[in-house]
Amino acid sequence: MVAGKKGEEGGGEYKMQITLLDKNKEKTFASFLIKDSTPAYVNSLRRTIINQVPTMAIEDVDFKKNNSILYDEIIAHRLGLVVLSTDIKSYNIPSECNCKGKGCMKCTLKMTLKAKGPGYVYASEIKSKDPKIKPVYPKTIIAKLLKDQEIELEATAMLGEGRDHIKWSPALVFYTYNPAITVNNKSKKFDEFKNKYPPQVFDSSGKIDKKLITGNLIDACEGVCDDVVNIEYDDKSFIFNIESWGQLTYKEIVTKSIDILNKELDGFEKQLTKK
Ligand SMILES: [Zn+2]
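In the numbering used here, the protein residues as written are 75 to 349.
As structure tokens, this is what we get:
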């Protein structure tokens with residue numbers, strides 16, 4: 075099964091349409107309009123992204139020196155949460171690698187950190203053996219060292235999935251039903267109710283502008299007076315938002331999640347047709 079394709083055998087009325095509504099120039103955020111779908115499908119996509127699209131994160135830390143005020147465990151935990159740019163095509167998840175999880179060049183990456191106080195230790199000081207995999211936010215603070223305090227360690231980063239630990243989750247994903255908004259500025263009740271609407275939805279001439287009713291303002295306008303602003307939802311069209319933590323672009327995340335979902339559905343189909 076392929077998401078977005080017209081109904082294949084047994085697919086029937088399946089004609090999902092996806093339109094890109096908005097994105098940022100870093101390609102870490104995108105908003106889509108998904109039409110003719112179901113809450114089950116959209117939620118499967120959301121869960122696949124959060125739980126199964128892999129990213130790189132530090133998993134093991136070997137301390138050579140640490141006389142800072144922070145325990146080894148705390149520093150290791152903080153290192154695990156450092157967002158690393160991810161090259162999804164060049165690495166395997168260790169358990170799926172040819173080395174069977176022992177750890178090799180295809181599934182693990184060594185990183186080192188050596189710092190001496192006084193001063194802050196930043197993520198930018200982590201040295202990676204692969205130039206493609208490095209901290210996305212160099213100013214992330216890992217520790218604060220006083221005079222004569224030192225940290226020296228070797229860390230191992232690997233691909234993992236959000237279902238094992240949230241540090242591997244690639245994005246924040248959420249969706250809402252797509253609202254159908256009707257505005258009637260000529261309503262007899264307009265004067266009576268206009269003060270009940272948030273000021274942000276009025277244009278310079280004092281009329282309510284449908285285009286200004288977005289985000290939280292939709293909820294604020296709903297139910298005030300259906301004669302003036304009427305908001306309706308159907309359970310077939312959705313606004314799907316994806317905000318990457320920075321490891322992957324929204325495109326890589328969505329493409330990979332559809333791959334994973336399709337593979338799982340194929341596997342499910344095979345199991346069903348087995349005799
Ligand atoms: Zn391996």
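Note that CB positions come from ideal geometry on N, CA and C, so glycine has one too.
Looking at the DSSP output, Q91 shares a beta bridge with K109. Taking a C-beta distance under 9 Å as the contact criterion, I316 and A104 qualify as a contact pair. Runs of the beta strand (DSSP E) spanning 3 or more residues and lying entirely within the segment 116-146 occur at 129-140, in chain order. Taking a contact as a CB-CB distance under 8 Å, the pair K263 and D308 does not count as one, their CB atoms being some 25 Å apart. Residue burial is scored here from C-beta neighbours: M232 has at least 16 other C-beta atoms within 10 angstroms and is therefore classed as buried. Judged by beta-carbon spacing, K188 lies within the 9 Å limit of L227, meaning their Cβ atoms are closer than that value.
Distances from the CB of P168 to the heavy atoms of ligand 1 include at least one below 8 Å. Per DSSP, the unbroken beta strand (DSSP E) holding D308 starts and ends at 303-318.
Taking C-alpha positions only, Q91 is separated from P253 by approximately 16 Å. In the three-state reduction of the DSSP assignment, V328 falls in the helix class, which pools H, G and I. Annotation for L153: I132, V135, I216, A229 place their beta carbon closer than 7 Å to its own, counting only its chain and skipping 5 residues before and after.
About 6 Å separates the beta carbon of L322 from that of T129, a gap short enough to meet the 8 Å contact definition.
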